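To start, the structure under review is shown below, and the notes come after it.
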Amino acid sequence: MNKSGFYILVVLIGVIELAMLWRQSEARAKLRAENQTLELQAGQMTALVAENRHLTQNISAAADVTSIAGQQMEELNRLRNEVEARQRQIQDLQAELAVQPTLPAFQSLSGSNRFVNLTKESWASSGYSTPEAALETMLWATLHGDVATVRASLTPVELARRNNGAWKNKTDSEIANAGMQGLSQVSGLQILNLQMMSEDDAHFTLYVSGLKQSDQPLWVDMKLIDGEWKSDGSEHRMVGQ
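To convert, count from 1 in the sequence shown and add 112; that's the numbering used here.
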């Protein structure tokens, strides 16, 4: 091979090497571009997964809130219905109380009398001519610490019971203070029923405003002794103590 042929061969080999290097460079550039694209897609996919998880949590939380709100609305409606029912009951009782705002005469009580309202401010010393008057007199005396009048409002049997029980070894001052304290939270009472058991025996059924609900109603027995009505005891021993 002459020199010119050799040079031509060298040039061809160089061109071929350059072409191969250029193609390798182009392939690496293309591969880098593809890798970058894949990395970008992977990053987007990760972001989409995180966003999807966040949306799922929000949807779950919203569902929980909706469920709780529904339960609270049901409870609110139930309480509203209960309040409306209680208000209707109160209105019915007030209407019945309005029918007889004052105490009737003893002669008008044929058998029983319902819903007579006695506020504490209206209590007075009314004597002992009727069961209602005697009850009011005992309440008034208890409220004002008048122990002598309280004693005069009791039958001998009831007086002996208290002297041997709640009043034993107590001074009049202590008895008076206990009675006034017992009525301190009371605002009044309602006579739910007055049953005349006989001409000499009466039975009160009372509701005392301010007394514990578990102690309601209160029963008070009255007896006619020498023309005067006296208290012969109560179920909860609250009135007159």
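Every residue, glycine too, gets a C-beta built ideally from N, C-alpha and C. Predicted, not measured: the structure shown is a model, and the values here were computed from it.
Next item on the list: Taking the CB atoms as reference points, tell me whether Thr283 and Lys335 lie closer together than 8 Å.
Entry: Taking 8 Å as the Cβ cut-off, Thr283 and Lys335 do not qualify as a contacting pair.
Check: Out of curiosity, what's the CA-to-CA distance linking Ser310 and Ser265?
Finding: 20 Å
Check: Are there 16 or more other CB atoms within 10 angstroms of the CB of Thr70, so buried, or fewer, so exposed?
Finding: Residue 70 lies beyond the range of the chain shown here (113 to 353); nothing can be said about it.
Item checked: Spatial neighbours of Val332 in its chain, beta-carbon cut-off 7 Å, leaving aside the 5 residues before and after -> Leu247, Phe316, Leu318, Ser343, Ser346, Val351
Check: If you draw a straight line from the C-alpha of Lys280 to the C-alpha of Gly339, how long is it?
Finding: 29 Å
Note to self: Using the Cβ count rule (16 or more neighbours within 10 Å means buried), how would you classify Arg140?
What the structure shows: Burial check for Arg140: the Cβ neighbour count within 10 Å stays below 16, so the residue is exposed.
Note to self: Going by beta-carbon coordinates alone, are Arg263 and Leu271 separated by less than 8 Å?
What the structure shows: yes
Margin query: Buried or exposed for Glu244, going by 16 or more other Cβ atoms inside 10 Å?
Written below: buried
Check: From Asp204, Gly322, Ala236, Glu163, pick the residue whose C-alpha is nearest to that of Asp258; which is it?
Finding: Ala236
Note to self: Taking only three categories from DSSP, how would you classify Gly345?
What the structure shows: Look at Gly345 here: in three-state DSSP terms it is strand.
Notebook entry, point to check: So what's Ser234 in DSSP terms, helix, strand or just coil?
Noted result: helix
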